[in-house]
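Counted the way the numbering used here counts, the sequence shown spans residues 81 to 450.
All C-beta atoms, glycine included, are put in the ideal place defined by N, C-alpha and C.
Structure, as structure tokens:
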Amino acid sequence: MIYRNGIIFKEGKFVREDFIVEDGIFAAEATSEEETDLNGKYVIPGLIDVHTHGAMGADFSDGDYDGLKKMAEYLGRSGITSFAPAGMTLPYEVLDKAFATGKKLHDEMPEGHSRLMGINMEGPFFSEKKKGAQNGAYLKNPDFDAFEKLFDNCGGLIALADIAPELPGAVEFTEKASNMTTVSIAHTDADYEQAKAVIDAGATHLTHLYNAMPPIHHRKPGVIGAGAECDDVIAELICDGYHVHPSSVRMAFKLFPGRICLISDSLRCCGMPEGKYELGGQDIFLKEGVARLEDGTIAGSASNVYTCMLNAIEYGIDKETAVTAATLTPAVQIGADDRVGSIDTGKYADFVVCDENLKPHDVYIGGKKL
């Protein structure tokens with residue numbers, strides 16, 4: 081199939097260019113003369129969310145395959161064609177079950193569903209002081225042997241492993257784990273020196289910038305300062321309109337030029353009505369678009385990453401930068417940029433046809449319209 085007359089996002093910019101899809105893959109040559117006229121619509125790669133816990137009443141940590149499929153179907157319909165679901169601070173046996181469910185979805189790759197391209201191990205190696213909505217009852221110090229067992233049991237699908245740098249053994253954990261996965265700094269009260277130590281040891285990612293970490297201060301630059309000055313560090317950002325002020329969104333893109341990874345941090349209440357839900361064994365309450373614990377602590381979001389990308393554009397981030405932050409950058413961070421994240425020959429034909437404001441019209445996964 082030849083797609084003509086579209087404005088395609090390619091190599092960081094929008095260009096008027098045709099593209100070809102053959103057998104679910106972007107191809108260099110067409111084997112037939114069949115064509116689709118895009119009539120000047122915009123085309124972007126399918127978005128990738130590397131930090132989403134759930135949607136449509138389902139949570140990855142439930143370890144329920146049908147629930148995970150429901151989540152993947154919702155993401156696909158929303159223009160998020162690949163994802164790395166995030167676990168929680170929970171017992172290892174609970175995580176092991178959830179990760180096994182993730183491997184099953186990854187291996188089966190059901191048609192019409194977002195592709196599970198990795199797993200985000202968010203917890204349990206976190207600080208009590210900055211645990212946020214993580215369940216403090218299950219917090220642990222870094223344990224490489226436990227991580228390695230979980231990693232092996234799910235076939236090496238853990239693409240992100242989160243850690244608080246101030247915990248005992250954090251540097252040693254990072255030195256080992258960074259040879260197997262992307263290590264991220266998260267849920268931490270670390271100072272600059274502690275953060276810099278794990279970055280020097282191989283950490284290249286910051287989990288939900290600003291959230292669950294000390295604020296930047298001119299005498300205490302902390303995690304944010306340590307990450308910003310290192311060109312290898314990518315920072316996640318939640319642009320749901322609640323977690324981060326629009327001015328701080330703009331600041332983040334300046335502090336981390338070309339190094340922002342948009343995420344949703346969505347919970348099972350994403351796509352659902354207001355009410356009471358569950359997160360890692362704790363009750364959460366969705367009201368007026370915000371999910372909180374009973375004590376008022378803000379939890380994850382009720383937005384998907386496509387909405388977050390559109391919000392970033394509304395806040396003043398240019399389209400090209402926002403699209404990259406929701407496609408190629410997350411693909412690189414989970415080691416999947418050879419298969420997804422851009423409209424390039426040989427990659428999965430996952431793309432979204434949009435209007436000029438990038439509002440989605442049609443979603444294609446493997447070249448098939450949903």
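PRO165 is bridged by DSSP to THR132. Residue pairing by DSSP puts ASP363 in a beta bridge opposite GLU358. GLU400 places its beta carbon less than 9 Å from that of PHE94.
Linking GLY302 to TYR145 through their CA atoms gives a straight-line distance of about 40 Å.
With contacts defined by Cβ atoms closer than 9 Å, ILE423 and PHE163 do not form a contacting pair. LEU155 and ASN85 have their C-alpha atoms some 27 Å from each other. A Cβ-Cβ contact shorter than 9 Å links LEU289 with ALA315.
ASP435 carries a coil assignment under DSSP once its states are collapsed to helix, strand and coil. Note: ILE238 is bridge-paired with ILE199 in the DSSP secondary-structure output. Within the same chain, Cβ atoms closer than 7 Å to the Cβ of PHE224 are found at PHE253, LYS256 and ALA257, the five residues on either side in sequence being excluded. According to the DSSP assignment, ILE82 belongs to the beta strand (DSSP E) that extends over 82 to 84. The three-state secondary structure of ARG96, taken from DSSP, is strand.
Annotation for ALA402: the continuous alpha helix (DSSP H) segment containing it runs 399 to 406.
Cβ contact annotation for LEU335 (same chain, cutoff 6 Å, sequence separation greater than five): ALA308, in chain order. If the five residues before and after LEU408 are omitted, its C-beta is found closer than 7 Å to the C-beta atoms of ASP417, GLY421 and SER422, all from its own chain and listed in chain order. Restricting attention to HIS298, GLU109, ASN119 and GLN214, the CA atom closest to the CA of ARG96 is found in ASN119.
For SER328, the uninterrupted alpha helix (DSSP H) segment begins and ends at 326 to 335.
Bounds of any alpha helix (DSSP H) do not take in THR262; it lies within the beta strand (DSSP E) bounded by 262 to 265.
Counting every other CB atom within 10 Å of its CB across the protein chains shown gives HIS325 a total below 16, marking it as exposed.
For HIS186, the closest C-alpha among the options LEU175, GLY198 and VAL313 is that of GLY198. According to the DSSP assignment, THR116 belongs to the beta strand (DSSP E) that extends over 115 to 117.
Assigned with DSSP and collapsed to three states, VAL251 falls in helix.
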